[in-house]
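Undergrad:
2 protein chains.
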Amino acid sequence: MNAHIGLRETEPLVAGSRAGCAICLGLAFNVCSAANAATPPNVLTPLRQSGHTVPARRIIWRGPDMHDVVPVICSGWAAAIVMLSDGSRQIVSFLLPGDMASTTMLFDAKPYCQVEAITEVRYRSFNRGELKAMLFKHPALLERFTSAWVDEKTRADQLIVDLGRRTADERIARLILNLLDRLSKLDLVRGEPAEFDFPLRQHHIADATGLTPVHVSKVLSEFRRNGLINISERSLTILDAPGLRRVAQMR
Amino acid sequence: MNAHIGLRETEPLVAGSRAGCAICLGLAFNVCSAANAATPPNVLTPLRQSGHTVPARRIIWRGPDMHDVVPVICSGWAAAIVMLSDGSRQIVSFLLPGDMASTTMLFDAKPYCQVEAITEVRYRSFNRGELKAMLFKHPALLERFTSAWVDEKTRADQLIVDLGRRTADERIARLILNLLDRLSKLDLVRGEPAEFDFPLRQHHIADATGLTPVHVSKVLSEFRRNGLINISERSLTILDAPGLRRVAQMR
DNA sequence: CGGTGTCTTGAATACCATCAAGTCTTGTGG
DNA sequence: CCACAAGACTTGATGGTATTCAAGACACCG
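Each protein sequence line maps, in turn, to chains A and B.
Numbering of the first sequence is given in the working numbering, commencing with residue -17 and proceeding in unit increments.
Numbering of the second sequence is given in the working numbering, commencing with residue -17 and proceeding in unit increments.
#1: Would you check if the distance between the CB atom of Pro79 (chain A) and the CB atom of Leu210 (chain A) is smaller than 8 Å?
#2: Buried or exposed: where does Lys135 (chain B) fall if 16 or more other Cβ atoms within 10 Å of its Cβ makes it buried?
#3: Pull up the DSSP beta-bridge partners for Arg172 (chain A), would you.
#4: Which chain B residues sit within Cβ distance under 7 Å of Gln72 (chain A)?
#5: Hey, out of A:Phe89, A:Arg30, A:Phe127, A:Val103, whose CA is closest to Ala60 (chain A)'s CA?
#6: Using a C-beta to C-beta distance shorter than 9 Å, which residues of chain A count as neighbours of Tyr94 (chain B)?
#7: Below 8 Å on the Cβ atoms is my guess for Val229 (chain A) versus Asp151 (chain A); work out the distance and round it to an integer in Å.
#8: Quick one: residues in its chain with C-beta nearer than 7 Å to the C-beta of Ile187 (chain B), no 5 flanking neighbours on either side, listed in chain order?
#9: Just how far apart, CA to CA, sit Asn82 (chain B) and Gly146 (chain B)?
#10: Measure the alpha-carbon distance for Val36 (chain B) versus Glu98 (chain B) and round it to whole angstroms.
#11: So Ser32 (chain A) is in the beta strand (DSSP E); what residue range does that whole segment cover?
#12: Under DSSP, the beta strand (DSSP E) around Asn160 (chain A) begins and ends at which residues?
#13: Note down the Cα distance separating Asp50 (chain A) from Arg126 (chain B), rounded to an integer number of angstroms.
#14: Where Gln184 (chain B) and His185 (chain A) are concerned, what is the direct C-alpha to C-alpha distance, given to the nearest angstrom?
#15: Under a CB-based cut-off of 8 Å, is Arg228 (chain A) close to chain B?
#16: Considering only residues of the same chain and omitting the five flanking positions on each side of Ile213 (chain B), which have a CB-CB separation below 8 Å?
#17: Could you please give the first and the last residue of the uninterrupted alpha helix (DSSP H) stretch that includes Ser84 (chain A)?
#18: Within 8 Å of any Cβ in chain B, is that where the Cβ of Thr128 (chain A) sits?
#19: Please list the partners that Phe89 (chain A) has in chain B, where partner means a Cβ-to-Cβ separation under 8 Å.
#20: Report, in whole angstroms, the separation of the C-beta atoms of Ile(-13) (chain B) and Ala130 (chain B), which I expect to be a contact under 8 Å.
#21: Count the other CB atoms, across all protein chains shown, that sit within 10 Å of the CB of Tyr105 (chain B); report buried if there are 16 or more and exposed otherwise.
#22: Out of curiosity, what's the CA-to-CA distance linking Leu165 (chain A) and Leu77 (chain B)?
#23: Whose Cβ in chain A lies nearer than 8 Å to the Cβ of Gly192 (chain B)?
#24: When Cβ atoms are compared, which residues of the segment 49 to 70 of chain B fall closer than 8 Å to chain A?
#25: Suppose the cutoff is 8 Å on Cβ atoms and the five residues either side in sequence are ignored; what does the same chain contact list for Ala223 (chain B) look like?
#26: Note down the Cα distance separating Val132 (chain B) from Asn208 (chain A), rounded to an integer number of angstroms.
#27: With burial defined as no fewer than 16 other Cβ atoms inside 10 Å of the residue's Cβ, what is the status of Ser217 (chain B): buried or exposed?
#28: Just tell me which of A:Arg137, A:Ile73, A:Cys56, A:Ser57 has its CA closest to the CA of Val64 (chain A).
#29: Ile142 (chain A) lies in the alpha helix (DSSP H); which residues open and close that run?
#30: For Gly58 (chain B) versus Thr101 (chain B), is the C-beta spacing smaller than 8 Å?
#31: Between the alpha carbons of Leu161 (chain B) and Gly173 (chain A), how many angstroms are there, rounded?
#32: Give the straight-line distance between the Cα atoms of Thr149 (chain B) and Met116 (chain A), rounded to the nearest whole angstrom.
#33: If I measure Cβ to Cβ from Ala91 (chain A) and keep anything under 7 Å in the same chain, skipping five residues before and after, which residues do I get?
#34: Name, please, each residue of chain A whose Cβ falls closer than 8 Å to the Cβ of Thr86 (chain B).
#35: Go through the segment 48 to 81 of chain A residue by residue and report every complete run of the beta strand (DSSP E) that reaches 3 residues or more, in order.
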């Protein structure tokens, strides 16, 4: 899951406003291409799409019902989650601004997971066929898309290794460092020592690392005791980056 | 990892023979398209490629050195493995005949894992650029390729769930059932009760399920005691499919 | 024939889950 | 604005699953 395709906004958008979205989409594509110096500006015609804003904890995209729409996150955090019949959950990937839930959504309509908002989330739904056609028409966009796909797969494989072969401390440290990485590419990390918005509840961390919320609490407390990180007011500060990396890499 | 792109052979091939490979590749593509009734026969020009045969346990494709080649398995079993610095290993996917190590190899040159032969393996290496160009030139092939990609990602996400949220028994039962599924699509499963070649050592199962060989041994013994499966002479028989599924699905 | 790889089994241990109780925060309706 | 409920987090006690350690049986190969 989780493909960053650079459909980000530079300015706030009137939520749900169709005109606003259309403008923004054009903007976003230009921003995207500008950042990459690949696509000349204004080559892209706006796609049909619909903007939405949902509060935290709402389900954005549920397996069975949505067929032809591909959601792209504009702002906020979300998660792609596989639900098991006993109520336990596995977060397959976190979705940050600019992410499509999964690159596979462009091709496949049978999903095995749902997308849930963690914070308030603004997102846009694209028509799958149109989005696909557009990507294949513009090489620069396709390039971006395939690179998003490679990133997504790399992260998935990394997660497999983490869940299969690493301890609780390592998993949690790596989760934090991965988020740090992704967020700093989005320019969402502030200052020195590094600090960023951290809307995850401990149960989110548990669902992502294959642990229980109780154990996550214990590990995070230990991290704090050791002066590695600090979490307060939904914000995470990395106090000792080398130390945290040491915990994460160990082995 | 692991993309089945239908580059299989119908007949044995003189190992390493360039002419043989070229013929076989044409054959293979036709077989592939015939199986799908999508590509008209003979539309495809043969690609440059090289055939290889390696014994079990040999490394086929190592991260750092191979840049522009994409290996495709012709016969035998292989595994894509992530090595950790303490010597522990995680198998990210098993590669069966017709599988490309990963669809991402078409686009990305920086690999984080190696491909190892489990049995003797025949495989072919394609030039990445040429293979890519060919896929994008022929819509039917591209279609096949994207579907391989979706399968690959689906399996990766399933593995994430298994490693994150399932017990040892469940993981091992699911591994067996997944292999049964894939092998039966390749027509490599015989008879009733279902039975197939099973070259995996217990340490392979351990590396794939995130367990230790010792514990794999105990679980398999229990499966046998309960009359679920039987393994002998590198062949696995599923004696009680519903029972095994019950163990696998549980929850 | 020794060496290596594979598998099995038992005992001790470690890591993480489960259970439980309590604090604190957040949100909601009266 | 307060009261109450629900959610979030913490901490300690206990237990289970899987690991680690160890030793031995067996097959295969050079």
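C-beta: ideal position from N, C-alpha, C; glycine also.
TA: Result, derived from the coordinates:
#1: 8 Å or more divides the Cβ of Pro79 (chain A) from the Cβ of Leu210 (chain A).
#2: Burial call: buried.
#3: Answer is A:Glu177.
#4: Under the 7 Å cutoff, chain B gives Ile142, Val143, Gly146, Arg147.
#5: Closest by alpha carbon: A:Val103.
#6: Thr136, Asp139, Gln140, Val143, listed in chain order.
#7: Indeed, because the Cβ distance is near 5 Å, the residues count as touching under 8 Å.
#8: Here the set comprises Ile154, Leu157, Val198.
#9: The sequence given here has Met at residue 82 (chain B), not Asn. Approximately 26 Å, taken between the alpha carbons.
#10: C-alpha of Val36 (chain B) to C-alpha of Glu98 (chain B): approximately 10 Å in a straight line.
#11: Here the beta strand (DSSP E) through Ser32 (chain A) covers 31 to 36.
#12: The continuous stretches of beta strand (DSSP E) do not include Asn160 (chain A), which lies in the alpha helix (DSSP H) extending over residues 150 to 167.
#13: Their backbone Cα atoms lie some 20 Å apart in a straight line.
#14: Near 34 Å, if we compare the C-alpha coordinates of His185 (chain A) and Gln184 (chain B).
#15: Not flagged as an interface residue toward chain B: Arg228 (chain A), since no C-beta distance is shorter than 8 Å.
#16: Phe180, Leu202, Arg206, Thr219, listed in sequence order.
#17: Under the DSSP assignment, Ser84 (chain A) falls outside any alpha helix (DSSP H); it carries neither an H nor an E label.
#18: Closer than 8 Å to some Cβ of chain B, the Cβ of Thr128 (chain A) qualifies, so yes.
#19: Neighbours of Phe89 (chain A) on chain B, chain order: Thr128, Ser129, Trp131, Val132.
#20: 5 Å between Cβ atoms; contact.
#21: Answer is buried; the Cβ neighbour count reaches 16.
#22: Spanning the alpha carbons of Leu165 (chain A) and Leu77 (chain B) requires a straight line of approximately 34 Å.
#23: Those are Leu145, Gly146, Arg147, listed as they occur along chain A.
#24: So the list reads Val64, Leu66, Ser67, Asp68, Ser70, given in the order they occur along the chain.
#25: Around Ala223 (chain B), the same chain offers Pro175, Ala176 as residues with beta carbons nearer than 8 Å, after the five sequence neighbours per side are excluded.
#26: Taking C-alpha positions only, Val132 (chain B) is separated from Asn208 (chain A) by approximately 42 Å.
#27: A residue is called buried when at least 16 other Cβ atoms come within 10 angstroms of its Cβ; Ser217 (chain B) does not meet this threshold and is exposed.
#28: For the set A:Arg137, A:Ile73, A:Cys56, A:Ser57, the Cα lying nearest the Cα of Val64 (chain A) is the one of A:Ile73.
#29: Its alpha helix (DSSP H) spans residues 121 to 147.
#30: Yes; because the gap between Cβ atoms is below 8 Å, this pair is in contact.
#31: Taking the Cα positions, Leu161 (chain B) is about 49 Å away from Gly173 (chain A).
#32: Each residue's Cα considered, the two are about 44 Å apart.
#33: Taken in chain order, the residues that qualify are His49.
#34: Result: Trp131, Val132, Lys135, Thr136.
#35: You should have 51 to 57, 60 to 65, 71 to 77.
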